[in-house]
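Beneath this line is the structure, given in structure tokens, with notes to follow.
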Amino acid sequence: MTFDAFDVVAVPFPFVDRNAQKRRPALVLSGRGSLEKVEHSVLAMITSRKNPPWPLDVPVSDGAAAGLTAPSVVRMKLFTLDNRLVVRKIGRLSTPDRIAVQSALGRLLVLEATG
């Protein structure tokens, strides 16, 4: 299974404090082809807005397009996951939400060489 950047997928998230997992939404950040040969994707966590905010959280303004059932934010908690562990695609971020995520990623990652 391969995914496009800004697809919203359901993935198993482990709990830190116990030996269990729960399906949660996540945002695909890597483009089709970038990690396709190794069958992995780079993802960001999506969490409900009721959780305490983190710097760079991006509110999802169009939850219906993203396939989300509760008000949510994209959290800049990034990880790589084997595509075989993705349960399914549930939606896709709207264009305004994509732009907001790209802006947050630009602030998070230093992508320009400094001299």
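With the numbering used here, letter number 83 in the sequence shown gets 64, and the count goes up by one each step, no holes.
Every residue, glycine too, gets a C-beta built ideally from N, C-alpha and C.
Taking its Cβ as the centre, do 16 or more other Cβ atoms sit within 10 Å of A45, making it buried, or is it exposed?
So A45 ends up on the exposed side.
Give the DSSP-derived three-state secondary structure of P33 in the structure shown.
Look at P33 here: in three-state DSSP terms it is coil, with no helix or strand label.
Just grab the DSSP bridge partners of G72 for me.
Bridge pairing for G72: V(-11) [DSSP].
Taking the alpha-carbon of L86 as reference, which of D38, V(-10), V67 has the nearest alpha-carbon?
Taking the Cα of L86 as reference, the smallest distance to any Cα among D38, V(-10), V67 is reached at D38.
Per DSSP, L62 is paired with what?
Note: L62 is bridge-paired with S22 in the DSSP secondary-structure output.
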